[in-house]
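The block underneath contains the structure these notes are about, expressed in structure tokens.
Numbering (this note's numbering), first residue to last: 19 to 279.
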């Protein structure tokens, strides 16, 4: 068991981990957990598929680092720690592949999101975080910017068609009706490594909490990887420990039991 004084940094997935699905407000106990971690000298980082400009406000709480776009763009409030855009040729190819199977694509640059169309799957995907699909007139211009993530409504059987001929990107998913497409060498695990290097910390000094398949690399990149009670089975199998569900403030009680707070 890791001792309290070993933990110097903590990484948290957002939806289904820090907050309930559906962009619900953070619970008082979860907010208290984050505040007490910082008071104890432990850095707190959020690791999410969302961009920086779509993160919820946590009552003014500031994280020490933000791993956004599934850690393709990692930053603090003052500087970029690491950025890893998808090769432009692969962005174009994925857009073309998606069109071949009748699917719209949402592109994410560092500053904005924009779509070339919409469908019920991608709309429902955005609705989970109370977002909307924005069809932009300058989609051709957007696709020439640095793109860190693409979002597409599709099903597992569509994955090969989406990635046909693509070498610089891969699919990560935590929902069966849509995917995030990220750099082939990217993912939350690599983002954790870059943030640890930035703060001169080691894997053994880090812990992480997650609930979705896209969190597995993150849990494996730290000394203490914790699956939420509401996590999918593949996440629980890879975790060092399992806490209670997000609904039951599992992270708070886990940190209390381990004397981390």
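Beta carbons are placed, not taken as given, at the ideal position from N, Cα and C, and that holds for glycine.
- With a beta-carbon spacing of about 7 Å, residue 223 and residue 241 fall inside the 8 Å limit used to define contacts.
- Per DSSP, the continuous beta strand (DSSP E) segment holding residue 167 begins and ends at 167-171.
- Residue 259 has 244 as its beta-bridge partners, per DSSP.
- Between the stretch 186-206 and the stretch 148-160, the count of C-beta pairs closer than 8 Å stays below three; the two stretches do not touch.
- A residue is called buried once 16 or more other Cβ atoms fall within 10 Å of its Cβ, and residue 102 is buried on that count.
- When 170, 32, 212 are compared, the shortest CA-CA separation from residue 118 is found for 170.
- Judged by DSSP in its simplified three-state form, residue 234 adopts helix.
- Distance from residue 210 to residue 239 at the Cβ level is roughly 4 Å; contact confirmed, criterion being Cβ atoms closer than 8 Å.
- Going by beta carbons, residue 236 and residue 29 fall inside the 8 Å limit.
- Per DSSP, residue 132 lies in no alpha helix (DSSP H) segment; the continuous beta strand (DSSP E) that holds it begins and ends at 131-133.
- Residues 38, 248 of the same chain have their beta carbon placed closer than 8 Å to that of residue 265, with the five preceding and five following residues left out of the count.
- The C-beta of residue 57 has fewer than 16 other C-beta atoms within 10 Å across all chains shown, which makes the residue exposed.
- In this chain, residue 185 is not harboured by any alpha helix (DSSP H), its DSSP state being neither H nor E.
- Beyond the five residues adjoining it in sequence on each side, residue 94 comes within less than 7 Å, by CB distance, of 82, 83 in the same chain, given in chain order.
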